[in-house]
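Trainee:
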Amino acid sequence: MLVKTDGFRQESAAGEQQVICRNATVEDVEPLYLMIEEYAKQGIMLPRSRQALTRQIDQFVIAEIGGKFVGCGSLFRLGSDLVEVRSIGLNDAGKGRGVGSIILEKLTEEARRQKIPKIMALTYAVDFFLRNGFDVVEKEIFPEKVWTDCVNCKKQHACDEIAVLKRLD
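The numbering of the sequence shown is UniProt numbering, which starts it at 1 and goes up by one.
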């Protein structure tokens, strides 16, 4: 569960509009669903139903620019010492502006607050995670992930995602 805060704010160096990263609310379910569905159609994310998003809303953060939804991400606990970054997505207005890194920092900050020493992701955007302090690791070191999500994934026997890990301790 994410901490309910006023938001994490960062202003770009160019004096553009502020990027505000905040905890998601039930009012955000529809834009979350639409973004994740678009990525799922491309085979980049696992689909999530509106009902699942409503149940898991406290795991999500939303990024906004000028009050408009531009991105999202979530943090899912896999064990006492491991969380997974999930569903980081941006629309065109959020791309190339550092919004993904702001979302990832908010999620990392929450993992630290919960004293969880490891944060992982399965991704195609390896360079993004490397720029944000993650290292490439073998997927097999995460049996928690395999038994939580991979068993239901159509790619489970031919997974082409790359595992990344950041140690926070």
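Think of the CB as a built atom: it goes at the ideal place given N, C-alpha and C, for glycine as much as any other residue.
Please name the residue in 167, 46, 22 whose C-alpha comes closest to that of residue 57.
Mentor: 22
Trainee: One question on the structure: do residue 94 and residue 63 come within less than 8 Å of each other, judged by their Cβ atoms?
Mentor: With contacts defined by Cβ atoms closer than 8 Å, residue 94 and residue 63 form a contacting pair.
Trainee: Of the residues 166, 141, 19, which one's Cα is nearest the Cα of residue 67?
Mentor: 19
Trainee: With a cut-off of 8 Å on the beta carbons, I'd call residue 39 and residue 89 a contact; round off their distance for me.
Mentor: Taking 8 Å as the upper bound for CB-CB distance, residue 39 and residue 89 are in contact here, some 5 Å apart.
Trainee: Taking the straight line between their C-alpha atoms, what separation do you get for residue 37 and residue 167?
Mentor: 30 Å
Trainee: For residue 140 and residue 114, what's the separation of their Cα atoms in angstroms?
Mentor: 25 Å
Trainee: Comparing alpha-carbon positions, which option in 33, 161, 46 lies nearest residue 183?
Mentor: The requested residue 183 does not occur in the structure, where the chain is confined to residues 1 to 169.
Trainee: Measuring CA to CA, which of 128, 117, 118, 80 is closest to residue 103?
Mentor: 128
Trainee: Compute the Euclidean distance between the alpha carbons of residue 52 and residue 81, then round it to the nearest angstrom.
Mentor: 24 Å
Trainee: Roughly how many angstroms separate the alpha carbons of residue 85 and residue 119, rounded to a whole number?
Mentor: 7 Å
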